[in-house]
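In our numbering, the protein residues as written are 107 to 356. Note that beta-carbon positions come from the ideal geometry of N, C-alpha and C, so glycine has one too. In this text, all values refer to a predicted model and were calculated from it rather than measured experimentally. Written below as structure tokens is the structure these notes are about.
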């Protein structure tokens with residue numbers, strides 16, 4: 107299956123017909139003609155959103171993703187540096203954007219992804235703030251928010267069970283919903299991957315979850331050795347939960 111087929115398949119899984127997607131694209135194209143590069147809907151959505159990310163090194167990728175995010179009029183951008191050995195703060199300071207809130211966590215040589223996610227969500231100011239949670243190496247196109255009409259009682263995400271190219275961590279929800287559903291399970295801190303699915307499984311049982319197309323989300327490619335560089339468990343498919351017994355999965 108080529109990339110185009112992957113995207114078409116994602117649209118079908120998102121319960122959106124291709125005709126609806128084309129209609130949104132048509133509306134967005136008209137908006138772009140009238141308002142410039144970003145559609146009016148994208149601009150209005152960005153004004154409602156606080157973007158959050160956490161990072162453990164990967165500066166080479168972050169130097170591309172952060173400038174990409176700054177092109178959008180997000181309300182605030184929260185960056186949690188999880189004890190990186192690379193100088194993330196120096197790069198962030200060089201950008202000099204008042205929307206950025208930068209916090210560094212010290213004495214954490216292991217990258218506990220679930221703990222880092224919960225920490226960054228605690229940095230969000232208000233319970234009803236709508237949050238775009240995104241990995242530090244993800245970039246988005248100007249069409250990413252064209253077909254979303256943001257509501258505070260709906261979760262918007264890539265379907266993590268069918269995510270293409272490492273995009274499963276890209277999601278939109280309020281701080282209240284995130285913690286009301288338990289946040290990310292910090293007992294699943296030894297590997298990577300399963301904690302996303304576990305969290306979305308819990309959230310979708312209580313709230314309506316809409317899956318958006320992955321076509322306008324780009325994950326900067328890198329090998330699996332980088333994913334497990336700072337994790338205790340070196341098998342990329344294992345993220346154990348001591349209480350529930352989650353282990354290797356298909």
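Three-state secondary structure assigned by DSSP to residue i
i: residue 167; result: helix
i: residue 315; result: strand
i: residue 145; result: coil
i: residue 229; result: coil
i: residue 305; result: helix
i: residue 205; result: coil
i: residue 281; result: helix
i: residue 182; result: strand
i: residue 117; result: Caution applies to residue 117, whose pLDDT of 49 falls short of 50 and renders its modelled position unreliable; the value that the coordinates give is listed next. Of the three classes helix, strand and coil, the one that applies to residue 117 here is helix, per DSSP.
i: residue 157; result: strand
i: residue 338; result: coil
i: residue 248; result: coil
i: residue 238; result: strand
i: residue 199; result: helix
Short Cβ contact (8 Å threshold) for residue i with residue j
i: residue 232; j: residue 147; result: no
i: residue 323; j: residue 250; result: yes
i: residue 230; j: residue 158; result: yes
i: residue 226; j: residue 184; result: yes
i: residue 152; j: residue 186; result: no
i: residue 149; j: residue 179; result: yes
i: residue 261; j: residue 206; result: no
i: residue 143; j: residue 220; result: no
i: residue 171; j: residue 242; result: yes
i: residue 194; j: residue 167; result: no
Strand pairing of residue i, partner residues [DSSP]
i: residue 188; result: 211
The segment 277–284 touching the segment 202–220, judged by at least three CB pairs closer than 8 Å: no
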